[in-house]
Amino acid sequence: MARTARLSVDIGGTFTDLVLLASDGATYSAKVSSTPAAPEDAVVTGMEQVLSAAGLAPGELAEVLHGTTVGSNTLLQKLGARSGLITTRGFRDVLEIGRLRTPGMFDLTWDKPEPLVSRRYRLEAEERTLADGTIKVPVRLADIQAAGRFFENEGVESVAICFLNSYKNPDNERRAAEAFADGFPWIAVTASVDVLPEAGEYERTSTTAVNAYVLPPLRGYLSRLEQKLRARGVTAPLLIGNSNGGLSSSAVAREKPVFFISSGRSSGAVGAQRLGAAIGEANLVAFDMGGTTASAALIHRGVLARTHEYEFRAGMSVPSRFIKAGGYMMRVPTVDVAEVGNGAGSIAAIDPAGLLTVGPRSAGALPGPVCYGLGGTQPTVTDANVVLGFLPPRLAGGSLELDVVAARGAIARQLGTTLGLSIEAAAFGIREIANANMMRAIRAVTMERGLDPRDLTLLAFGGSGPVHACDLARTLGITRVLFPPSPGVFTAMGMLAGQVEHHELRSAQSRLELLDAETVGLLRTEMRMAAVTSLSAQGYDPSTVRFSDEIDLRLEGQDAALSIPFEGFDAVALRTAFIAAYREAYGYSPTDTVESVALRLHAHAGNSEPLDFTRLSPMLGQDGGRGDYRRDVWFERHRATDTPVIRREGVTAALDGPAIIEGDDTTIVIPPGATVEPNATGSLVATLGAAA
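For what it's worth, my numbering labels the leading residue of the sequence shown as 1243, then goes sequentially.
As structure tokens, then:
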């Protein structure tokens, strides 16, 4: 049997990570510098490296899996398409009004995010669909044509169409979208019923506007990437990681990019769930620290926390049922991740009050930290770590030599002198502030949900997660820290654990006791047919498609709903399950009337075999190590400790800290008073004692 492989790629702000899993179980990795101006170039460079290491040709790839930051960076940097919106007359300002909330009641410095579609490009059409789906006023197509001519003259590249109550009856919206596409085929168009056929005018309008805003940039990037892959002989399908931790075809991502805004980062959480299952760890905090951001996700009782609503914002993004209106609303399936703008490339500076701050600004891949020698002039977390001895003289498998002298100089000039601190003390302060920032993300998915972090295991990955994990764990009272195989490329590895998926949604607004089984059955059948049609069009055998159902339920008069899984429809059993879930989420058991909101279908296709961490061969990559040695490491502010530095493959039995464990993809820091030992999956498990 011919040897084949699956290749996964995760693009970060500083490095692009690649993992190749061969059909014989061998795994290979590569880490190359990201190329922000043309992200596809780093993908191709890394692919050639990892294929060469594996002895495979591009044509022997069976799948290429890709997590991309193009969508999130487009929103963050406001580099999306010039977008327009056509909506029902009288609803032009839904995006502006939003939810009439602020994310912080007492934050007087908060600025409301500018709508992605400016008011000039939000136009109205004469039409009206009633709440029960009756079309009272058919859409006036002359309004659609007039809007198209205006958008064409203004250079608008992408248009969202969102009509009132179209989720109940999409006829007016469909006619408008078809007429616009026929008249102006060079302008991309997104109909709200194609991305979110659900009640909630603001949520639906915002989700559709985000889709329209990022559609041209993501479509252009994926087209360029596929062209370069094909030019190098890759014939395998390109699958894109979505925000829910699953995979979808490139064709789907080009039409519905709103489902891929958090592409990549969710894959690490899915990999964490699979690894936890392999070693019997049902309660984990997955902590991922990269070059630009750090994030945390919760696996509780073996279940990865997910949600159907997400707000994208700069700086601190915390999933919470209480914090709303801080960013751009997307009601799409997503892994529930708390993220903070603090990574290895985060810039340290002195604020106007004379205090040391770290992040959210990042040096990125270019110019990068000062120690990279690529033109960076502002000290970062990476510069602090190399000055303190936590990082080796070379990174990325030995391909990147660090300039420690330059890092020390930058910290001294820009921070130490002003603050009256030694270089090491200033660097130590950078590290402590970065740790404090990142602990906010971990607390958001533990303490803010009523969970004691001391009962959980911290699973640390990302290029810099293992450098900071033990410090974070000790501060939070966590005594077990898990370092997976090749943690520096673990997000790309997690993508290999994802499955091709498709989601369907149908409105089902009713009191639960009045919702009859026949109606539910008809909607479920309709959703299954739509899912099979879509997955078949992507090349998947209908016989491999598997389904799971959920119903969104809420208390009468409330807005927030909980998703309850079910197989056979039973209103009494669903009410009981909802009350239990409500108590878990909010702390008490209500007796109010329960309403149904919507039905959800999750369909998975292709190979259902989960990634088995116990059967993987050790990761192979570039060996930039220099053998075991010793160096000074500043575990404390005022003194350095002579610390052994050990290659990861040399850790074959339990050892006591302090120790620095170096791999090709990351460095693991074991502080004094801790012990570390390997387990059956090739992971390392650290047990923390009292702080020294």
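A virtual CB, placed ideally from N, CA and C, is assigned to each residue, including glycine.
Please determine, among the options, the residue with the shortest C-alpha to C-alpha distance to residue i.
| i | options | result |
| --- | --- | --- |
| V1762 | D1791, G1340, G1781 | D1791 |
| R1904 | R1334, P1708, S1749 | As written in the sequence, residue 1904 is Glu, which differs from the Arg given in the question. Ranking R1334, P1708, S1749 by Cα distance to E1904 puts P1708 first. |
| A1901 | T1477, G1705, K1378, A1916 | A1916 |
| P1575 | S1265, G1488, V1359, T1310 | G1488 |
| T1256 | S1925, H1846, V1731 | V1731 |
| R1248 | L1701, A1304, L1293, L1633 | A1304 |
| D1593 | F1501, L1657, D1906 | L1657 |
| D1898 | L1930, R1889, H1744 | L1930 |
| E1302 | S1275, T1599, R1474, A1441 | R1474 |
| A1280 | F1855, N1315, I1888 | N1315 |
| F1502 | P1635, N1453, P1611, Q1515 | N1453 |
| E1809 | Y1824, L1843, A1430 | L1843 |
| R1496 | Y1455, G1513, A1536 | Y1455 |
| V1381 | A1373, D1413, V1359 | D1413 |
| A1433 | R1416, D1424, S1448, D1783 | R1416 |
| T1376 | K1410, G1397, L1365 | K1410 |
Tell me whether residue i sits in a helix, a strand or coil according to DSSP, three-state version.
| i | result |
| --- | --- |
| G1532 | coil |
| M1347 | coil |
| V1787 | coil |
| I1821 | helix |
| Y1614 | helix |
| G1866 | In this prediction, G1866 has a pLDDT of 47, which is less than 50 and means its spatial position is unreliable; what the coordinates show is noted afterwards. Of the three classes helix, strand and coil, the one that applies to G1866 here is coil, per DSSP. |
| G1506 | coil |
| F1405 | coil |
| L1546 | strand |
| H1880 | coil |
| A1840 | strand |
| G1892 | helix |
| Y1363 | helix |
| L1698 | coil |
| E1468 | helix |
| P1281 | helix |
| I1429 | coil |
| V1398 | coil |
| I1386 | helix |
| L1926 | strand |
Let's test the definition: count the other Cβ atoms within 10 Å of the Cβ of residue i and tell me whether it reaches 16, buried, or not, exposed.
| i | result |
| --- | --- |
| L1327 | buried |
| M1689 | exposed |
| P1727 | buried |
| T1767 | exposed |
| Y1871 | exposed |
| A1649 | buried |
| E1394 | exposed |
| L1350 | exposed |
| V1437 | buried |
| Q1469 | exposed |
| G1799 | exposed |
| D1291 | Per the sequence shown, residue 1291 should be read as Gln rather than Asp. When all chains shown are included, Q1291 counts as buried. |
| T1660 | exposed |
| M1347 | exposed |
Roughly how many whole angstroms lie between the Cα atoms of residue i and residue j?
| i | j | result |
| --- | --- | --- |
| R1655 | T1622 | 13 angstroms |
| L1517 | L1263 | 16 angstroms |
| Q1741 | R1879 | 46 angstroms |
| M1769 | G1617 | 53 angstroms |
| V1723 | G1692 | 21 angstroms |
| K1354 | R1361 | 15 angstroms |
| A1813 | P1300 | 53 angstroms |
| A1586 | F1426 | 45 angstroms |
| A1686 | A1580 | 7 angstroms |
| V1379 | I1403 | 17 angstroms |
| V1918 | E1746 | 45 angstroms |
| T1883 | S1508 | 37 angstroms |
| L1260 | A1734 | 6 angstroms |
| A1819 | A1802 | 16 angstroms |
| T1477 | V1306 | 9 angstroms |
| Q1751 | A1367 | 27 angstroms |
| L1481 | G1671 | 42 angstroms |
| G1254 | L1372 | 46 angstroms |
If you check the beta carbons only, do residue i and residue j fall under 9 angstroms apart?
| i | j | result |
| --- | --- | --- |
| E1553 | M1571 | yes |
| G1704 | G1510 | yes |
| A1528 | L1540 | yes |
| T1619 | A1652 | yes |
| V1911 | P1920 | no |
| L1738 | S1294 | no |
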